[in-house]
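Structure first, commentary second.
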Amino acid sequence: MLRPVADGVLVHESGFLQSNAIVVQGRAGVLLVDPGVQDHEMACLANDLSRSGQTVVAGFSTHPHWDHLLWHPQLGAAPRYGTARCAATARDELSDPGAKARITAHLLPTGIAERVPLDLLGEITALPAETAQIPWGGPQVRIIEHHAHAPGHAALFIEERGVLVAGDMLSDVLIPMLDLSDTADPIEDYLAALRLLDGVAGDVDVLVPGHGSVGGADQVHARIDQDRAYVHALRDTQVPRDPRIGPSAKPGWEWVSDVHDGQAQRLAGRSERDGTPG
């Protein structure tokens with residue numbers, strides 16, 4: 001079910017990893033950001049919009065991970081946008097004939113593999129490089145592109161509504177997950193992205209992460225600081241004091257500790273290969 005979080009901005013939370021789909025109302029329809037994961041949830045979202053007389057006139061994927069590239073036929077054929085680098089990454093990864101099969105295999109332990117519609121996966125249109133706003137007939141939505149978490153990742157700032165859509169950052173349940181694929185300095189990439197978000201934080205009334213709880217104005221700087229402290233701890237090979245890890249993690253999210261351990265080990269391996277200090 002859609003719930004309003006600000007004037008003209010609504011959120012639908014998926015049962016899978018607390019994934020948040022965001023609806024922004026415009027004059028002729030809505031912008032749909034990261035529409036969801038399971039087919040019945042996206043169909044429910046489409047029905048809710050239809051019953052209220054609204055149609056999807058534009059979509060946007062914050063980054064090229066599969067759970068942010070999905071779509072449902074009932075949502076219509078509106079253009080679905082992403083940054084140029086996001087779209088190129090999605091296109092390259094999905095050009096592999098086995099890509100969808102690997103996603104399905106990855107989902108088998110979750111029990112939702114058969115409920116994730118992959119037919120329209122990744123069919124997004126690249127916006128020209130350095131595009132500053134989403135092209136649509138609604139309130140201005142500023143694109144804040146950076147290189148943390150995934151190639152071409154974008155946060156969105158709906159300035160007149162005071163809403164920051166953070167993508168897979170600033171979560172209360174997920175630690176920062178760095179892009180450790182082929183980036184030269186994933187730590188600095190993440191810290192640079194946090195500086196960008198810090199630059200708009202004072203004007204944010206509502207924070208919507210890709211996964212986790214929606215936060216108010218009092219949470220914006222707090223979550224930025226928490227993420228920065230975690231990344232600093234990784235950089236300095238320290239054990240982070242972070243409530244999202246270990247016994248203090250929310251029930252059902254204990255696996256985040258394994259993610260942390262994996263990141264720490266991979267970063268240590270990179271440092272040894274590069275001859276740089278941990």
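Residues 1 to 278 in UniProt numbering are what the sequence shown lists, from first letter to last. In this text, a Cβ means the ideal position worked out from N, Cα and C, and glycines have one as well. Note that the structure is a prediction, hence the values are computed from the model and not measured.
Discussion item. Quick check on the burial criterion: 16 or more other C-beta atoms within 10 angstroms. Buried or exposed for residue 20?
Written reply: In the sequence shown, the residue the question calls residue 20 occupies position 20. With a threshold of 16 other beta carbon atoms within 10 Å, residue 20 meets it and is buried.
Discussion item. So, for residue 162: in the same chain, excluding its five sequence neighbours on each side, which residues have a beta-carbon less than 7 Å away from its beta-carbon?
Written reply: For the purposes of this step, residue 162 is taken as residue 162 along the sequence shown, with counting starting at 1. For residue 162, same chain residues with a beta-carbon under 7 Å away, outside a window of 5 residues either side, are 6, 203, 204, 205, 206 in chain order.
Practice prompt. Would you mind working out which of 181, 31, 256 sits nearest residue 135, comparing C-alpha positions?
Written response: As a first step, residue 135 must be located in the sequence shown, where it is residue number 135. Nearest option by C-alpha distance: 31.
Worksheet item: Enumerated in chain order, which unbroken segments of the beta strand (DSSP E) with a length of 3 residues or greater are wholly contained in the stretch 46-95?
Response: 56-60, 80-82
Discussion item. For a test of the three-state rule: what should DSSP assign to residue 244, helix, strand or coil?
Written reply: Counting from one through the sequence shown, the residue named residue 244 turns up at place 244. Three-state result, residue 244: coil.
Worksheet item: Should the stretch 213-227 be regarded as contacting the stretch 253-273, the criterion being three or more beta carbon pairs within less than 8 Å?
Response: no
Discussion item. Taking the alpha helix (DSSP H) that residue 204 belongs to, which residues open and close that run?
Written reply: Translated into the one-based positions of the sequence shown, residue 204 becomes position 204. Counting along the chain, residue 204 falls outside any alpha helix (DSSP H), and DSSP gives it neither H nor E.
Practice prompt. Whole angstroms is fine: what's the gap from residue 128's alpha carbon to residue 39's?
Written response: The count along the sequence shown starts at 1 and reaches residue 128 at position 128. The count along the sequence shown starts at 1 and reaches residue 39 at position 39. So the two alpha carbons sit approximately 30 Å from each other.
Practice prompt. Identify whether residue 116 lies in helix, strand or coil by the three-state DSSP scheme.
Written response: For the purposes of this step, residue 116 is taken as residue 116 along the sequence shown, with counting starting at 1. Coil.
Discussion item. Please classify residue 55 as buried or exposed, where buried requires at least 16 neighbouring CB atoms within 10 angstroms.
Written reply: Indexing the sequence shown from 1 puts residue 55 at position 55. So residue 55 ends up on the exposed side.
Worksheet item: How long is the line joining the alpha carbons of residue 98 and residue 105, rounded to whole angstroms?
Response: Start at 1 with the first residue of the sequence shown, and residue 98 comes out as number 98. Start at 1 with the first residue of the sequence shown, and residue 105 comes out as number 105. Roughly 11 Å between the two C-alpha positions.
Worksheet item: Which value, in whole angstroms, describes the spacing of the CA atoms of residue 156 and residue 169?
Response: Reading the sequence shown from its first residue, position 156 is the one you call residue 156. Reading the sequence shown from its first residue, position 169 is the one you call residue 169. Each residue's alpha carbon lies about 12 Å from the other.
Worksheet item: Does the beta carbon of residue 19 fall short of 7 Å from some heavy atom of the ligand NAP?
Response: Ligands in the displayed structure: none, and consequently the ligand NAP is not present.
Worksheet entry | Candidates 24, 33, 43, of which the one nearest residue 281 by Cα | Beyond the ends of the chain as shown, which are 1 and 278, falls residue 281; an answer cannot be given.
Discussion item. Going by beta-carbon coordinates alone, are residue 124 and residue 82 separated by less than 8 Å?
Written reply: In the sequence shown, counting from the first residue as 1, residue 124 sits at position 124. In the sequence shown, counting from the first residue as 1, residue 82 sits at position 82. Yes.
Worksheet entry | Which of helix, strand or coil DSSP assigns to residue 123 | Mapped onto the sequence shown, residue 123 falls at position 123. Here residue 123 sits in coil by DSSP.
Discussion item. DSSP has residue 209 in a bridge; who is on the other side?
Written reply: The residue you call residue 209 lines up with position 209 of the sequence shown. Note: residue 209 sits in a beta bridge opposite 167.
Fill in: Nearest-angstrom beta carbon gap, residue 18 and residue 212 [assumed within contact, 8 Å]
Position 212 of the sequence shown holds residue 212. Position 18 of the sequence shown holds residue 18. The Cβ separation is near 5 Å, so the contact holds.
Item to complete: Under the assumption that residue 9 contacts residue 28 (Cβ atoms under 8 Å), give the Cβ distance between them as a whole number of angstroms.
Response: Taking the first residue of the sequence shown as 1, we reach residue 9 at position 9. Taking the first residue of the sequence shown as 1, we reach residue 28 at position 28. Between residue 28 and residue 9 the Cβ distance is about 17 Å, and since that is not below 8 Å, they are no contact.
Discussion item. If you measure between the beta carbons of residue 12 and residue 34, is that distance less than 8 Å?
Written reply: For this step, residue 12 is matched to residue 12 along the sequence shown. For this step, residue 34 is matched to residue 34 along the sequence shown. No; because the gap between Cβ atoms is not below 8 Å, this pair is not in contact.
Discussion item. One question on the structure: do residue 214 and residue 139 come within less than 8 Å of each other, judged by their Cβ atoms?
Written reply: The residue given as residue 214 occupies position 214 in the sequence shown. The residue given as residue 139 occupies position 139 in the sequence shown. Taking 8 Å as the Cβ cut-off, residue 214 and residue 139 do not qualify as a contacting pair.
Worksheet item: Quick one: what does DSSP say residue 150 is sitting in, helix, strand or coil?
Response: One-based indexing of the sequence shown puts residue 150 at position 150. Coil, per DSSP.
Worksheet entry | Other residues of its chain near residue 122: CB distance less than 6 Å, five sequence neighbours each side excluded | Taking the first residue of the sequence shown as 1, we reach residue 122 at position 122. Setting aside the 5 residues that flank it on each side, residue 122 is surrounded in the same chain by 69, 90, 94, each with a C-beta closer than 6 Å to its C-beta; the list follows chain order.
Discussion item. Quick check on this structure: which residue in 118, 265, 171, 150 has the alpha carbon closest to the alpha carbon of residue 86?
Written reply: Stepping through the sequence shown from its first residue, residue 86 is reached at position 86. Comparing Cα positions, the closest option is 150.
Worksheet item: Helix or strand or just coil, what does DSSP make of residue 178?
Response: Position 178 of the sequence shown, counting from 1, holds the residue named residue 178. The answer is coil: DSSP assigns residue 178 none of H, G, I, E or B.
Worksheet item: Between residue 26 and residue 158, what straight-line distance do the alpha-carbon atoms span, to the nearest angstrom?
Response: One-based indexing of the sequence shown puts residue 26 at position 26. One-based indexing of the sequence shown puts residue 158 at position 158. Residue 26 and residue 158 have their C-alpha atoms some 12 Å from each other.
Worksheet item: Is DSSP giving residue 220 helix, strand or coil here?
Response: For the purposes of this step, residue 220 is taken as the residue at position 220 of the sequence shown. DSSP places residue 220 in helix when its eight states are reduced to three.
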